[in-house]
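**Student:**
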Amino acid sequence: MATTKPYRVLLYYMYTTIENPEEFAAEHLEFCNSLELKGRILVAKEGINGTCSGTVEQTEKYMEAMNNDPRFDGIVFKIDEADGHAFKKMHVRPRPELVTLRLEDDINPHEITGKYLEPKDFYEAMKQEDTVIIDARNDYEFDLGHFKGAIKPDIESFRELPDWIRENKEILEGKKILTYCTGGIRCEKFSGWLVREGYEDVSQLHGGIVTYGKDPEVQGELWDGQCYVFDERIAVPVNQKEHVIVGKDHFTGEPCERYVNCANPECNKKILCSEENEAKYLRACSHECRVSPRNRYVIQHELTEEQVAAALEKIEAEK
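See the structure below:
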């Protein structure tokens, strides 16, 4: 009999009307704190987007309360088992929109969105000719893992995606378009935007990568790498049949699935690197970041000027 881990991580979203996001956020934070949950929840007039962790009992109470609120009727929770909390604190924050597209004329997924494909249908669609698979996530998410053959738009963040599509429309013309993201929320709007732009055959992975990886039929097949998640786990497995590492160490290009943030707080770029290279390169993505007076790695490890100079000299000598 499989053992159950003591904690759970919940991932969910719902496009629904929340009249006063500020008031709701304050009350919801109080409620989450009373349950001793930890996580990050965004609230807007258009709905809620959250991920939080707690014990089985705490998360059960949370899901029960959400299901009993008519505003969240039909909400779907994606549940992962965990050994402990996936977050340090609990945040509930009001926002102008749940996902940042910043369109002049916003998309309401209740009115316009791409066709929903369940994991098995998405799997079959990916194998068809004349299909284009677009990853609707940030660049660092793609670099850790993605579907085989997926296009990585040359963007740093989701809000740049519409402009990239307009500049590269020849890639999509006359094709069947498949879109996917972590849990599904970004594709609800992005696929709707594609439909509004005039693309006729637009589909989205229902429930996102997380649901695809748990599906008993497809078992995450056709996925390479891991799935980036916005909590302390950083990465979760998707493909239950084989594990292909696609991430590459920022410094050496060797296979790597370990993310750190650049030690220069003014940069904070996410970089893939081994523990060995983190120490060697002072956890900094560039020379400029290594010599930053605010380099967090240098401060954290109390390195002297001589030690930093020696590290820089060694890097230079190996070029």
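Reading the sequence shown from the start, the letters are residues 19 to 337 in this note's numbering.
No residue lacks a Cβ here, since even glycine has one placed at the ideal position from N, Cα and C.
Just so you know, these numbers come straight off a predicted model, no measurement behind them.
(1) Note down the Cα distance separating Pro180 from Phe208, rounded to an integer number of angstroms.
(2) Quick one: grab the DSSP three-state call for Lys266.
(3) Could you give the DSSP three-state label for Ala143: helix, strand or coil?
(4) Leaving out the 5 sequence neighbours to the left and right, which residues in its chain are closer than 6 Å to Thr131 when beta-carbon positions are compared?
(5) Looking at the unbroken alpha helix (DSSP H) that takes in Gln222, where does it start and where does it end?
(6) At what residue ranges does the region 145-173 contain a whole run of the alpha helix (DSSP H), taking only runs of 4 or more?
(7) Within its chain, find whatever has a CB closer than 8 Å to the CB of Glu40; leave out the 5 residues flanking it on each side and keep chain order.
(8) On the criterion of 16 or more Cβ atoms from any shown chain inside 10 Å, does Arg312 qualify as buried, or is it exposed?
(9) In the DSSP assignment, the beta strand (DSSP E) including Leu121 goes from what residue to what residue?
(10) Is the beta carbon of Glu64 less than 9 Å from the beta carbon of Ile36?
(11) Evaluate Glu159 with the Cβ neighbour count: other Cβ atoms within 10 Å of its Cβ, from every protein chain shown; 16 or more gives buried, anything less gives exposed.
(12) Please report how far the alpha carbon of Lys96 lies from the alpha carbon of Gln325, in whole angstroms.
(13) Which residues share a DSSP beta bridge with Glu99?
(14) Is it buried or exposed, Asp123, if we count other Cβ atoms within 10 angstroms and call 16 or more buried?
(15) Alpha carbon to alpha carbon, how far is Gly192 from Cys50? Give it in angstroms, no decimals.
(16) Only counting the same chain, and skipping five residues up and downstream in sequence, which positions put a Cβ closer than 8 Å to that of Ala143?
(17) Give the C-beta separation of Asp161 and Gly68 to the nearest angstrom, bearing in mind that I take them to be a contact with Cβ-Cβ under 8 Å.
(18) Tell me, which residues are paired with His109 by DSSP?
(19) Given this structure, state the Cα-to-Cα distance separating Pro283 from Glu218, to the nearest angstrom.
(20) Rounded to the nearest angstrom, how far is the Cβ of Phe90 from that of Lys56, given a contact under 8 Å?
(21) Less than 9 Å between the beta carbons of Thr34 and Ile66, yes or no?
(22) From Lys288 to Asp98, what distance separates their C-alpha atoms?
(23) Just to confirm my understanding: we take Met19, look at its own chain, exclude 5 residues before and 5 after, and list those with CB closer than 8 Å. What are they?
(24) Report the partner residues of Lys133 according to the DSSP bridge assignment.
(25) Do Tyr246 and Gly238 have their C-beta atoms closer together than 9 Å?
(26) Are Val256 and Gly163 close, meaning C-beta to C-beta below 9 Å?
(27) Alpha carbons only, please: which of Leu212, Phe165, Lys170 is nearest the one belonging to Gln339?
**Tutor:** According to the structure data:
(1) 8 Å
(2) In the structure shown, Lys266 sits in a strand (DSSP, three-state: E or B).
(3) Correct three-state label for Ala143: helix.
(4) Glu206, Ser209, Gly210
(5) Element bounds for Gln222: not the alpha helix (DSSP H) but the beta strand (DSSP E), 220-223.
(6) 157-162
(7) Pro112
(8) Exposed, by the Cβ-count rule.
(9) According to the DSSP assignment, Leu121 belongs to no beta strand (DSSP E), since it is labelled neither H nor E.
(10) yes
(11) buried
(12) 47 Å
(13) Arg26
(14) exposed
(15) 47 Å
(16) Leu135, Thr149, Lys194, Leu196, Ser221
(17) Incorrect: roughly 25 Å between the Cβ atoms, too far for contact.
(18) Arg58
(19) 44 Å
(20) With 8 Å as the limit, Phe90 and Lys56 do not qualify as a contact, their Cβ atoms being about 20 Å apart.
(21) yes
(22) 24 Å
(23) Legend: pLDDT at Met19 = 41, less than 50; position of this residue unreliable, value from coordinates given subsequently. Same-chain partners within the cutoff: there are none.
(24) Ser221
(25) no
(26) yes
(27) The chain is shown from 19 up to 337; residue 339 falls before or after that span and cannot be answered.
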